[in-house]
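Single-structure report; data block below.
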């Protein structure tokens, strides 16, 4: 089935818009910033720009255009991430040693591939095959994921520099933190046989499908994410010194990594500070707590006498709430206090911080991964990871859905991850 001419124009416009944002996000960086990889979990910004380009080249241009001439055949090895069924690839932990290709060459690579994709769309005219449209769509969704990763990785890289560089200057127009937050309450959510998972029109990843039934007991969900001030009470009460609050693996991580507080926090004689993409600043106690691991989120919940919601509880409670909040488009790149004027009693469901759930990342009943190499996109990571929901301040508003499932290992903290509490209905 072909897509209409109007849809082709919209797809081309969307392609240009999303691809341009990646380059806008790197425009604040010096060339030296784009090579750094301060730990194996992060990737250099230059690599993100090249890998997202490789994705379009490898899965569309090379597969669907016999006349396509690769920009550089060696890039197939350098910028493949983890697709074992395609070919071997440069080790993830060594991406930071790639001083070449230069940034100029990477930008030229992006321009070359952009021209190739837009040329394909132009050549098909009003008869773009659905398969091509689907591949471009997943390529753009993939790029939006890497735009978020680019910002989280830059933040970590910069935090390792004693100079604590600023990615951008702070602005009073984008802080949105002058209002006092509403007091957190607990919202009663009726349970029963409910449905979760994606259905209908529009894009979704294979891990969001199929829609299926889940039984939920009635429960309560916090109206707001946990704040810095609330989490500080856990710290001051000795939460990081009391093993009774922690899962065994979590307590082992606390001792091994010497955790005493969330990532990027620092205590001084003048109080607590936190590192942000606008540099280090005084900790705002009313902002959602951020950069905590699943272990820390779970321990805080236990200390509070609450628990983390399951992903089914989260989705069931949030499904009808409008998608609005503090996303990458706000250009704050940090959780804020202000909230959308939603009539829902559940606030800040989207944006600001990804919210840990108690659900392990597994496939839905009767779920099937995509065919071919793209089947490696999600399914092979369904082990030893926990699900997060809702998006963050560096997620695109156009990327998130109520059914969107993010996932990371339980000890990861460099993502913009936070906490929303739940409890059983008494």
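In the working numbering, the protein residues as written are 16 to 441.
Note that the Cβ used here is the ideal one computed from N, Cα and C, for glycine as well.
- The beta-bridge partner set that DSSP reports for residue 291 consists of 294.
- Under the Cβ criterion (8 Å, minimum of three pairs), the region 338 to 346 counts as touching the region 399 to 417.
- If you check the CB distance, residue 309 and residue 406 do not come in under 8 Å.
- If you compare the alpha carbons of 70, 211 and 367 with that of residue 380, the shortest gap goes to 211.
- C-alpha of residue 395 to C-alpha of residue 181: approximately 36 Å in a straight line.
- Excluding its 5 nearest sequence neighbours in each direction, residue 62 has C-beta neighbours in its own chain below 6 Å: 110, listed in chain order.
- Residue 45 and residue 287 have their C-alpha atoms roughly 29 Å apart.
- Only residues of its own chain outside the window of five on either side were considered, and among them 409, 429, 430 and 431 have a CB closer than 7 Å to the CB of residue 167, listed in chain order.
- Using a Cβ distance threshold of 8 Å, residue 279 and residue 235 do not count as a contacting pair.
- Residue environment analysis places residue 131 among the buried positions, since at least 16 neighbouring C-beta atoms fall within 10 angstroms of its C-beta.
- Bounds of any beta strand (DSSP E) do not take in residue 168; it lies within the alpha helix (DSSP H) bounded by 145 to 174.
- Setting aside the 5 residues that flank it on each side, residue 175 is surrounded in the same chain by 53, each with a C-beta closer than 6 Å to its C-beta; the list follows chain order.
- By the Cβ test, the region 252 to 268 is not in contact with the region 295 to 304, since fewer than three Cβ pairs between them sit closer than 8 Å.
- Nearest Cα to residue 144 within the set 79, 272, 34 and 376: 79.
- Taking residue 149 as the centre and dropping the five residues before and after it, the same chain places no C-beta closer than 6 Å to its C-beta.
- Rounded to the nearest whole angstrom, the CA to CA distance from residue 152 to residue 218 is 8 Å.
- Selection 276, 69 and 348 evaluated against residue 123 yields 69 as nearest (Cα-Cα).
- Look at residue 214 here: in three-state DSSP terms it is coil, with no helix or strand label.
- In the DSSP secondary-structure assignment, residue 237 is bridged to 201.
- Remark: three or more beta-carbon pairs, one from each stretch, lie closer than 8 Å, so the region 373 to 387 and the region 315 to 326 are flagged as touching.
- According to the DSSP assignment, residue 375 belongs to no alpha helix (DSSP H) but to the beta strand (DSSP E) extending over 369 to 375.
- Residue 119 and residue 316 have their C-alpha atoms some 48 Å from each other.
- For residue 283, there is no enclosing alpha helix (DSSP H); the enclosing beta strand (DSSP E) covers residues 280 to 283.
- Straight-line measurement puts the Cα of residue 245 at about 54 Å from the Cα of residue 134.
- Residue pairing by DSSP places residue 303 opposite 242 in a beta bridge.
- Take residue 93, set aside five residues on each side of it, and the residues of its chain with a beta-carbon closer than 6 Å to its own are 105, in chain order.
- Straight-line spacing of the CA atoms in residue 237 and residue 284 works out to 33 Å.
- Following the DSSP letters along the chain, one finds residue 401 inside the beta strand (DSSP E) bounded by residues 401 to 404.
- DSSP places residue 221 outside any beta strand (DSSP E), giving it a letter other than H or E.
- Boundaries for residue 56: no beta strand (DSSP E) harbours it, and the DSSP string shows neither H nor E there.
- Taking the CA atoms as reference points, residue 437 sits about 6 Å from residue 321.
- With contacts defined by Cβ atoms closer than 8 Å, residue 51 and residue 222 do not form a contacting pair.
- In this structure, DSSP gives residue 107 a helical state, which the three-state scheme calls helix.
- Annotation: the continuous beta strand (DSSP E) that includes residue 439 extends over 437 to 439.
- The three-state secondary structure of residue 125, taken from DSSP, is helix.
- In this structure, residue 183 lies near residue 293, with their beta-carbon atoms less than 8 Å apart.
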